[in-house]
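Enquirer:
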Ligand code: AMP
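Numbering (this note's numbering), first residue to last: 768 to 1129.
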């Protein structure tokens, strides 16, 4: 059966704010949700029908979870692929194992992208100090050394400005498999969120601009102010990627736009993405609802926007401004229910809409 009817239970691997907003969207469509995570009071657990608290390698817990749900989706991509090996014979998992294998490893991901003709920064595989030296000789500096696995929000990355820093850089990332990337002097960073259904139908949200602070997304502006030809190219590439990776679900394609209008893919995230939070207010169907539709095998809805938008993240003690934000009637406040406002932690976000035709202002 490909269509999972409302009333069924959607299992979600992961329990953060993305899982929370997916669970809320699932509830709007009449589904129950069952979260698999590690914290009984997590943002997602707080709003779900059922919760399993266990490690991703706990076979007994996975077996019970798989038999309690009708389909499994995920809210973060670093789920061990062994977990999917275990679940997939029992219950459909969307997106599936191949998507995770590719997107968990920066070298596989960039090689896959280039194999489709999707351009990226030049890169070299690095498994030793010698590989790093060879990579620098080929790519030059400045460059960025990134761990192949488990990097996010700038973690597991070091910029190399001169050949002399090679030994230190290798130590700094823990001497683990990595890729060296040429530094891209981009003009702006954009992302395209694309959904692909069980029948291969595609809907994508228009490209948005992402501005970072301390390596963490600060602001998203929808739409990105780019030429139509650049926007169309970014969207075409994203559709091609979704098709070739055989996506069932939602994927964010993070892209650098160079001053010449060249489009280079930086990273893929096979789940709802922080740069798509504005779609809750700005579009007929949010990225979260779209991800649930895709996972449940429902027809996808239109990803058209009815407004322009600015989304700002509330990081750490930014959350102290909640009352002030609420005093602005045109701002939509979202809080994730996290007890402790640690530095760098995403606590919530705020969205403000603008009429179509009016550029979104920060
Ligand atoms: P990533 O973890 O790959 O998404 O990188 C985090 C951030 O570092 C990106 O959003 C960029 O701002 C910056 N960055 C990553 N790779 C490059 C690159 N090759 N050239 C320039 N900036 C980069």
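Glycine included, C-beta positions come from ideal geometry on N, C-alpha and C.
Would you mind stating whether residue 1038 and residue 1004 have Cβ atoms separated by less than 9 Å?
Expert: no
Enquirer: Can you tell me where the alpha helix (DSSP H) holding residue 1010 begins and where it ends?
Expert: 995-1011
Enquirer: Distance, Cα to Cα, residue 1106 vs residue 1084?
Expert: 12 Å
Enquirer: Restricting to runs no shorter than 4 residues, where is the alpha helix (DSSP H) found entirely within the segment 785-861?
Expert: 826-835, 848-854
Enquirer: For residue 968 versus residue 1066, is the C-beta spacing smaller than 9 Å?
Expert: yes
Enquirer: Would you mind reading off the limits of the beta strand (DSSP E) that contains residue 970?
Expert: If you look at residue 970, you'll find it in the beta strand (DSSP E) that goes 969-971.
Enquirer: Cα-Cα, which of 982, 996, 805 is closest to residue 973?
Expert: Minimum Cα distance to residue 973 is reached at 996.
Enquirer: Using DSSP bridges, identify the partner residues of residue 1047.
Expert: Beta-bridge pairing links residue 1047 to no other residue.
Enquirer: Could you tell me the boundaries of the alpha helix (DSSP H) in which residue 874 lies?
Expert: 873-882
Enquirer: So, are the CB atoms of residue 817 and residue 801 less than 9 Å apart?
Expert: yes
Enquirer: Using a 10 Å radius around the Cβ and a threshold of 16 neighbouring Cβ atoms, would you call residue 943 buried or exposed?
Expert: exposed
Enquirer: Just verifying my parser: in three-state terms, what is the DSSP assignment at residue 1123?
Expert: coil
Enquirer: Taking all protein chains shown into account, decide if residue 1019 is buried (16 or more other Cβ within 10 angstroms of its Cβ) or exposed.
Expert: buried
Enquirer: Less than 8 Å between the CB atoms is what I'm expecting for residue 1074 and residue 1120, so what's the real figure, rounded?
Expert: 4 Å
Enquirer: Please find out if some non-hydrogen atom of the ligand AMP comes closer than 8 Å to the beta-carbon of residue 1034.
Expert: yes
Enquirer: Count Cβ pairs between the segment 830-839 and the segment 772-780 that sit closer than 8 Å; are there 3 or more?
Expert: yes
Enquirer: Please classify residue 1115: is it buried, with 16 or more other beta-carbons within 10 angstroms of its beta-carbon, or exposed?
Expert: Classification of residue 1115: buried, given that the 10 Å Cβ count is 16 or more.
Enquirer: Report buried or exposed for residue 1079, applying the criterion of at least 16 other Cβ atoms within 10 angstroms of its Cβ.
Expert: Counting Cβ neighbours within 10 Å, residue 1079 comes out buried, since at least 16 surround it.
Enquirer: Residue 925 and residue 903 - do their beta-carbons sit closer together than 9 Å?
Expert: The answer is no: Cβ separation not under 9 Å.
Enquirer: Please tell me whether, using a cut-off of 8 Å, the distance from the CB of residue 961 to the nearest non-hydrogen atom of the ligand AMP is below it.
Expert: no
Enquirer: Thinking C-alpha only, which one of 1122, 965, 950, 891 is nearest residue 1076?
Expert: Of 1122, 965, 950, 891, the residue nearest in Cα terms is 1122.
Enquirer: Sorted by chain position, which residues of the same chain lie with C-beta nearer than 6 Å to residue 768's C-beta, five sequence neighbours on each side aside?
Expert: Residue confidence is low: residue 768 scores 48 on pLDDT, short of 50, so the model does not pin down where it sits. No coordinate-derived value is stated.
Enquirer: Given that a residue counts as buried once 16 or more other Cβ atoms are within 10 Å of its Cβ, and exposed if not, what is residue 795?
Expert: exposed
Enquirer: Around the C-beta of residue 890, are 16 or more other C-beta atoms found within 10 angstroms, so that it is buried, or is it exposed?
Expert: buried
Enquirer: Taking CB distances under 9 Å as the criterion, tell me whether residue 835 reaches chain C.
Expert: Among the protein chains of the structure shown there is no chain C, as only one such chain exists.
Enquirer: Taking the alpha carbon of residue 960 as the reference point, which residue from 991, 1099, 937 has its own alpha carbon closest?
Expert: 991
Enquirer: Please report the distance separating the alpha-carbon of residue 951 from that of residue 869.
Expert: 22 Å
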